[in-house]
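Asker:
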Amino acid sequence: MRELTRLALEKAQLAGASYADIRIIKSKEETINVRRGNVQAVNSSESHGFGIRVLYDGAWGFASSAKVDADSVLRIAEQAVQIAKASALVKREEVELSPAPSVQGYYATKVKQDPFAVKLEDKISLLLEADRRLQLDDSIRVTTAGMKSFFEHKVFANTEGSYVVQDLTHCGAGMSAVAAEHGQVEKRSYPGQFGGDYAAQGYEFIEELDLPSQAERVAQEAKALLTAPSCPPGKQTIILEGSQLALQIHESCGHPIELDRVMGEEAGYAGTSFLTPEKLGKFQYGSNIVNITADATIPGALGTFGWDDEGVAAQRTPIVRDGVFVGYLSSRQHAHKLGLTSSGAMRAISWNKIPLVRMTNVNLEPGDWTLEEIIKDTKAGLYLDLNKSFSIDDLRLNFQFGTEVAWEIKDGEIGRMLKNPVYTGITPEFWQSCDAISGKGKGEWKVWGIPNCGKGEPGQPCWVGHGAAPARFRNVRMV
Amino acid sequence: MLGKERALAICHEALNLSAADQTEVCLQINDIHLSRYANNSIHQNILEANISLRVKAVIGQKIGMASTNQLDSAAIAATVARAYEIARLQAPNPEFKSLPAPQPISAVPSFYEATASITPEAKALAVGVITDLAAQNGLWAAGAYSTSVGETAIVNSLGLAAYQPVTSASLTAVLMGDGCSGYAARTSRDINKIDPAAVAEEAVNTCLLNRNQLSLEPGKYTVILKSYAAAEMLSYLGRLGFSAMNYQDGQSFVSGKLGEQVLGPNITIWDDATNPAGMPTAFDAEGVPKQRLLLVENGIARAVAYDTISAGKEPGKVSTGHAPRGMTNNLFLAPGNSSLTEMITSTERGLLVTRFHYVRTMSPLPVLITGMTRDGLFLIEDGEIKGAVKNLRFNQSVVEALNKVRMIGNTPSTHGAATCPPLKIEGFTFTGQATH
């Protein structure tokens, strides 16, 4: 591999590139999906290839190939430079990179049990058992259970002398039951939205989720939602459970702190950000108990790695401190424009994609309450569980989230189930209304893995994490 | 490009190695050339190479799938063996009956040499047309000019052999100024049908019209949806409502209602991947030929879309050429005879919507969706555009909306999975307000 990276980088420089990097990646993925008692399919895919990114005349070019040999590397390096020359035809300013140390090293996800080494029959059997227990009665019309395992061997090298190798493993699983009767459809899932929960761990993570043990509850709750009263509109106190809070962080904090988005580079697609640079260090993002960090070093979390795809080491970056907005997720290029160094968040999902500024693990730090204390302290409110729908505007301000279920809270106690809860708000107003964060209790704070964070064109569904424990928000508008 | 002969030969090499009862091999190659621009500069310019050789092995009713992006004989053999081994180890799927038998496939205009051969320099100059006009008007432009060239070959052990080359081109432009934005987009298999100057002019004009936005309270409004917004709404109806899988699960708005009036009598919808006006494709992901499928006729539900799995679950049904999962990616809503101007002049009070943003499903049965308006929302009073309005959030059932269509435009255009004219709809529900 070293020889191929040397050839690529030399060729790019010979063709005029002022900077070049190459990623050579070999990956494999296995997906198993069960639906209504039947294994729909087991899909195993393998991919091998490389991508070369170059700076020529202050403009970027990128080209990729699945053919990993010396001839292809030389050809693609040349092609990347040609593409960069075309970029330079429409440019306003030169791209410059913030300094980063030259790095050498190896990183691997800590895995107790390689998910690819587990017998396929055992994995199928686990999902079929969970699916079987979801099939409560005829009111349950659709049941699904699935798991995904991913591994990549990645070599990164650049013209500044960096050369790092990483072996990254991810896996996760989840299930859901859909109840339908009399023109109504209701769904419950476990353990999280978007196909479950994921982590940078081995199969031990899937075993710990223990899908079968939760299946009957999930199905019963889906059925019960059919006859549950609708959640009423109006201003409410709400408590968000961890996985819904993770998505709230994702959409209203994670995306708006991506510095390439802030600088307008996603304006043509999903939009920009209200967290513009003049707000850095000054803007009251949330109440003074809100502390958010981006941390790519948490063992086992989905957004954890050794180095990003510019060879910048994984790090922990304060984003919101005591409610004040203080930091961005950034790359070398974008950090340079603010006179900063990269926060190590530049990631691509495969060899044929360019790296973008992506979330790592963006976490709401634990508070000094237990969930039990928050509920007891709530005279009237709603406990909202698991995402059902989500939407946010192109500045990441006006959001609306629906959850699978709400439980009414009266005089400090959880009461009846309500269906179709939907809440809406404006991001800073919402976070400034946060008056209690749990995490003191054992197991309340955990990192939720989201395996499909969307960004870029063509789309790059990325693996990211969000640490969260249930938290309370006041005066939230239920739709 | 491998070409038909070589692509099918690779597929047959895999097919001949398979010991499964039935085998399907699909080879897809797609090179994406994308120039993204923002702040009046190209900031991302890429060649994304995609190759996938997928083998589906069937033993009885047990299905295993494996794929690789390497096309040498060793990788092909290993992938075939992996698919077989997965099938052998897995549980039967009683819903599976058979892979599709071969049927005649008519060629469609899916490939244009001009699209395949455009250079990064030519695309950069086209982007320059947009950024120059933006700069002349004191605006900032962002968007993407994407072309792709690829080929798909599918063979199966029942004798099916299908091949088609495919190109596509797409140009989007978001124009932004101080407190205003505008949008325009074009997509086609043929890059010669995309005029960057027209895209630039439309987006700039919308942006300039979108200045001095006033705030409007959420509520029910008559809306005129431009094709961008109408097509997105229609694609949600297709995704949630016309798949046989959702229909069979009782999760479609037409479940149990075929032959009944489900939409307004002025609404006729069909799916047709063979129509050159959309994004033509000759066959689906199983090699079954595409066809025109009438879904809603004068508001009456007529059909849903099947792949072989869903067709096998109902007696007498066959695939309609909509694998995977009954997806309708080439929807058409029958145009009417109204111009956009006539729609505006006939509106006493309403909103003109350029496009939607971040649309998501809230409830599948009524196709209840939420999202924001974006890049141009305008108040119409007494038949005239009175001014720009800050964006609003909507929560709206598409089924309900398509029962309240009062005028249908005569200028359909293709966006994403749907070709749709502008629509004038009564009582569209807005529930929230943006700050911009």
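Residue numbers (this note's numbering), protein chains in the order written: chain G, 553 to 1031; chain A, 143 to 578. From the three backbone atoms N, C-alpha and C, an ideal C-beta is built for every residue, glycine too.
Is G/V914 helix, strand or coil when you go by DSSP?
Answerer: Counting from 1 along the first sequence, the entry for residue 914 of chain G is found at position 362. In the structure shown, G/V914 sits in a strand (DSSP, three-state: E or B).
Asker: Cβ of A/H464 less than 8 Å from any chain G Cβ?
Answerer: As a first step, residue 464 of chain A is located in the second sequence; it is residue number 322 there, counting from the start. Output row for A/H464: interface = no.
Asker: What in chain A is Cβ-close to G/A819, meaning under 7 Å?
Answerer: Locating residue 819 of chain G in the first sequence gives position 267, counting from the first residue. The answer, in chain order, is A180, A284, V316 and M318.
Asker: For G/D920, does the three-state DSSP call read helix, strand or coil?
Answerer: The residue given as residue 920 of chain G occupies position 368 in the first sequence. Coil at G/D920, not helix or strand.
Asker: What does a CB cutoff of less than 6 Å around A/S175 pick up in its chain, not counting 5 residues either side in sequence?
Answerer: Along the second sequence, read from residue 1 onward, the residue named residue 175 of chain A stands at position 33. Reading off the sequence shown, one finds His at residue 175 of chain A, where the question assumed Ser. The answer, listed in chain order, is L189 and T289.
Asker: Name the DSSP beta bridge partners of A/L534, please?
Answerer: Taking the second sequence and counting its residues from 1, one reaches residue 534 of chain A at position 392. Paired residue(s): A/Q575.
Asker: Does the beta carbon of A/D413 sit closer than 8 Å to a beta carbon anywhere in chain G?
Answerer: By 1-based counting over the second sequence, the position of residue 413 of chain A is 271. Taking Cβ atoms only, chain G never reaches closer than 8 Å to A/D413, which makes this a no.
Asker: Based on the DSSP secondary-structure assignment, which residues constitute the bridge partners of A/V509?
Answerer: For the purposes of this step, residue 509 of chain A is identified with residue 367 of the second sequence, where counting begins at 1. Note: A/V509 sits in no beta bridge, so no partner.
Asker: Which residue's Cα is closest to the Cα of G/K962: G/F668, G/A780, G/L688 and G/K928?
Answerer: One-based indexing of the first sequence puts residue 962 of chain G at position 410. Out of G/F668, G/A780, G/L688 and G/K928, G/K928 has the C-alpha closest to the C-alpha of G/K962.
Asker: Mind checking G/H734: buried by the 16 CB within 10 Å criterion, or exposed?
Answerer: What you label residue 734 of chain G is simply residue 182 of the first sequence in a count that begins at 1. G/H734 is exposed by the Cβ-count criterion.
Asker: Pick from A/L473, A/A286 and A/A530: whose alpha carbon is nearest that of A/S555?
Answerer: For the purposes of this step, residue 555 of chain A is taken as residue 413 along the second sequence, with counting starting at 1. Of the candidates A/L473, A/A286 and A/A530, the one whose C-alpha sits nearest the C-alpha of A/S555 is A/L473.
Asker: Here's the rule: buried if 16 or more other CB atoms are within 10 angstroms of the residue's CB, otherwise exposed. What is G/D749?
Answerer: Translated into positions along the first sequence, residue 749 of chain G becomes position 197. By the 10 Å Cβ count, G/D749 comes out buried.
Asker: For the segment 164-195 of chain A, enumerate the residues whose C-beta is nearer than 9 Å to any C-beta of chain G, in chain order.
Answerer: Against chain G - using a Cβ distance shorter than 9 Å - the residues of the segment 164-195 of chain A are I174, H175, L176, S177, R178, Y179, A180, N181, N182, S183, I184, H185, Q186, N187, I188, L189, E190, A191, N192, I193 and S194.
Asker: Does the structure place the segment 938-949 of chain G close enough to the segment 507-519 of chain A that three or more beta carbon pairs sit under 8 Å?
Answerer: Enough Cβ pairs lie closer than 8 Å, so yes.
Asker: Does the distance from the C-beta atom of A/V495 to that of A/A371 stay below 8 Å?
Answerer: To locate residue 495 of chain A, count along the second sequence from 1; it is residue 353. To locate residue 371 of chain A, count along the second sequence from 1; it is residue 229. Their beta carbons are under 8 Å apart, which means A/V495 touches A/A371 by this criterion.
Asker: Can you check whether the C-beta of A/R502 is within less than 8 Å of a C-beta belonging to chain G?
Answerer: Taking the first residue of the second sequence as 1, we reach residue 502 of chain A at position 360. Output row for A/R502: interface = yes.
Asker: Just checking: is the beta-carbon of G/R693 within a distance shorter than 8 Å of some beta-carbon in chain A?
Answerer: Within the first sequence, the letter at position 141 stands for residue 693 of chain G. It does; some Cβ of chain A falls within 8 Å.
Asker: Let me check understanding here. Comparing Cα to Cα, which of G/G601, G/I577 and G/I635 lies closest to G/A567?
Answerer: What you label residue 567 of chain G is simply residue 15 of the first sequence in a count that begins at 1. For G/A567, the nearest C-alpha among the options comes from G/I635.
Asker: Of all the residues that make up the segment 143-160 of chain A, which are near chain G by a beta-carbon distance shorter than 9 Å?
Answerer: Going along the segment 143-160 of chain A in chain order, one finds no residue with a Cβ nearer than 9 Å to chain G.
Asker: Go through its chain and collect everything with a Cβ distance to A/R230's Cβ below 8 Å, but skip five positions before and after it.
Answerer: Within the second sequence, numbered from 1, the residue matching residue 230 of chain A stands at position 88. So the list reads I201, K204 and G206, once near-sequence residues are dropped.
Asker: Kindly say whether G/V842, judged by its beta-carbon, lies nearer than 8 Å to any beta-carbon of chain A.
Answerer: One-based indexing of the first sequence puts residue 842 of chain G at position 290. With 8 Å as the cut-off, G/V842 does not count as an interface residue toward chain A.
Asker: Suppose only complete runs of 3+ residues qualify. What are the beta strand (DSSP E) ranges in the segment 836-873 of chain G, listed by chain order?
Answerer: Complete beta strand (DSSP E) runs here, min 3: 844-847 and 868-873.
Asker: Closer than 7 Å by C-beta to A/S377: which residues in its own chain qualify, once you throw out the five before and the five after it? Chain order, please.
Answerer: As a first step, residue 377 of chain A is located in the second sequence; it is residue number 235 there, counting from the start. Correct list, in chain order: L473, G558, A559 and A560.
Asker: Report the option in A/R548, A/Y500 and A/I171 whose CA atom is closest to the CA atom of G/F951.
Answerer: Position 399 of the first sequence, counted from the first residue, corresponds to residue 951 of chain G. Ranking the options by Cα distance to G/F951, first place goes to A/Y500.
Asker: Would you decide whether A/L367 is buried or exposed? Buried here means 16 or more other CB atoms lie within 10 Å of its CB.
Answerer: The count along the second sequence starts at 1 and reaches residue 367 of chain A at position 225. A/L367 is buried by the Cβ-count criterion.
Asker: Does DSSP classify A/M143 as helix, strand or coil?
Answerer: Reading the second sequence from its first residue, position 1 is the one you call residue 143 of chain A. Residue state, collapsed to three classes: coil.
Asker: Taking all protein chains shown into account, do 16 or more other C-beta atoms lie within 10 angstroms of the C-beta of G/E803, making it buried, or fewer, making it exposed?
Answerer: Here residue 803 of chain G refers to the residue found at position 251 of the first sequence. G/E803 should be labelled buried.
Asker: State yes or no: is the beta carbon of A/M207 nearer than 8 Å to at least one beta carbon in chain G?
Answerer: Mapped onto the second sequence, residue 207 of chain A falls at position 65. Yes, its Cβ sits closer than 8 Å to a Cβ of chain G.
Asker: Under a CB-based cut-off of 8 Å, is G/L784 close to chain A?
Answerer: On the first sequence, residue 784 of chain G is found 232 positions in, with the first residue counted as 1. Residue identity check: residue 784 of chain G is Pro in the sequence provided, not Leu. No, its Cβ sits nowhere closer than 8 Å to a Cβ of chain A.
Asker: Looking at the strands, I want to know which residues DSSP matches up with G/E732.
Answerer: Position 180 of the first sequence, counted from the start, is the residue given in the question as residue 732 of chain G. The sequence as given places Ala at residue 732 of chain G; Glu does not occur at that position. Per DSSP, G/V737.
Asker: Any beta-carbon of chain D closer than 8 Å to the one on G/K643?
Answerer: Given the protein chain composition of this structure (G and A), no chain D is represented.
Asker: Select from the segment 588-608 of chain G all residues with a C-beta closer than 8 Å to any C-beta belonging to chain A, and list them in chain order.
Answerer: Listed in sequence order: N590, V591, Q592, A593, V594, N595, S596, S597, E598, S599, H600 and G601.
Asker: With distance defined between alpha-carbon atoms, name the residue in G/V655, G/S650 and G/G1011 nearest to G/N904.
Answerer: The residue labelled residue 904 of chain G in the question sits at position 352 within the first sequence. Among G/V655, G/S650 and G/G1011, the Cα nearest to that of G/N904 belongs to G/G1011.
Asker: May I ask you to list, following chain order, the residues of the segment 497-529 of chain A that have a beta carbon less than 8 Å from some beta carbon of chain G?
Answerer: Taking 8 Å as the Cβ-Cβ cut-off against chain G, the residues of the segment 497-529 of chain A that qualify are H499, Y500, V501, R502, T503, M504, S505, P506, L507, T512, G513, M514 and R516.
Asker: What are the boundary residues of the alpha helix (DSSP H) that G/R587 is part of?
Answerer: Stepping through the first sequence from its first residue, residue 587 of chain G is reached at position 35. Unbroken run through G/R587 is the beta strand (DSSP E), Y571 to R587; no alpha helix (DSSP H).
Asker: Quick check: A/A445 and A/V404, are their CB atoms within less than 8 Å of each other?
Answerer: Mapped onto the second sequence, residue 445 of chain A falls at position 303. Mapped onto the second sequence, residue 404 of chain A falls at position 262. In this structure, A/V404 does not lie closer than 8 Å to A/A445 by Cβ.
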